[in-house]
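Q:
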Amino acid sequence: MVDDACDEDGLGEAATRLAPIVAALLDVLDRLGGPDKQPPGAAGTLGLALADICRRVRDQHRPTLLLRLVSQLREYLLALLWEAANRERRRVPGLAEYVQMRRHTGGARPSLTLTDLAYDRQPGAGRRSAPEVLALDDLTADLVCWCNDLFSHRKERQAGSDAQNLVTVIAAQAGLDAESAFRVAANRFNEGLTRYLAWDSALAADPALASFLAARRAWIRGTYDWSSRADGYA
């Protein structure tokens, strides 16, 4: 809902327009799903919906996942301000900057954490923070977001949309036409997927990571399958 409001309803066209909504949603996150009641304020029904999500996660009595989710949602909301500032100034970010920020604007990380709630067993804190596990988590978020960029690019281009897309960023940085940039972006996705499969295979021997890996495989495959069938991208 927030993505649609920013991308299609004009909320994300200027950081100054979006800032009061982000501040109200951050206020919701600060309460960690606690029982204290607050009026929805500038966020309106979005604030009520976010409070409901936080409350329901809190009721699962898995504080580590709750804290991770809230932190990732904060990153998402603040990244939306970066995106809105780019739109406002008609700025095309550099590729490295875009790749880093896209992990946050795509909302993949909090979505993965919510999916982790479906599994009873999660890796311990030490294993979860291992460099190879964090790297695979980052790559999962990248692949989910790049897949979305590839499928949505034609729609965004036809609508005269902004430059917040991997294809458009590559075209601007490399001086390529849209078709050539699309092929470069697709190759980047395919190379990332090959790397992901190798890392996934190496980690699969650890039974403590079984549910962690299953959730990420499902998100990558599910994103591709859904995107290939979505009427909005046809």
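Sequence positions in the sequence shown follow this note's numbering and run 19 to 252.
The beta carbon of each residue, even a glycine, is placed where N, CA and C say it ideally should be.
How close, in whole Å, do the beta carbons of Leu132 and Thr158 come, if the pair is a contact with beta carbons under 8 Å?
A: Contact flag wrong, Cβ pair sits at about 14 Å.
Q: Within this structure, are the beta carbons of Leu29 and Leu95 separated by less than 8 Å?
A: Not closer than 8 Å, so no.
Q: Look at the alpha carbon of Thr82 and the alpha carbon of Leu227, and state the distance between them as a whole number of angstroms.
A: If you take the alpha carbons of Thr82 and Leu227, they lie about 16 Å apart.
Q: Measure the alpha-carbon distance for Asp48 versus Asp138 and round it to whole angstroms.
A: Using only the alpha carbons, I get a separation of about 26 Å.
Q: Select from Asp54, Val46, Ala114 the residue whose C-alpha is nearest the C-alpha of Leu91.
A: Residue Val46 is the option with its Cα nearest to Leu91.
Q: Please state whether DSSP places Arg80 in a helix, a strand or coil.
A: It is coil, neither helix nor strand.
Q: According to the Cβ coordinates, are Leu135 and Phe207 closer than 8 Å?
A: For Leu135 and Phe207, no; Cβs fall outside 8 Å.
Q: Would you give the residue range spanned by the alpha helix (DSSP H) that Met19 belongs to?
A: Segment: none, Met19 is in no alpha helix (DSSP H) and carries neither H nor E.
Q: Could you check which residue in Val117, Gly62, His171 has the C-alpha nearest to that of Ser245?
A: With distances taken between Cα atoms, Ser245 lies closest to His171.
Q: At the level of alpha carbons, what is the spacing between Glu31 and Asp22?
A: If I take the Cα positions, the gap works out to 12 Å.
Q: Does the pairing of the region 70-77 with the region 143-157 give three or more beta-carbon distances under 8 Å?
A: Touching, no.
Q: On the CB-based measure, 16 or more other CB atoms within 10 Å of its CB, does Asn183 come out buried or exposed?
A: Asn183 is buried by the Cβ-count criterion.
Q: Distance, Cα to Cα, Ala126 vs Asp249?
A: Approximately 21 Å, taken between the alpha carbons.
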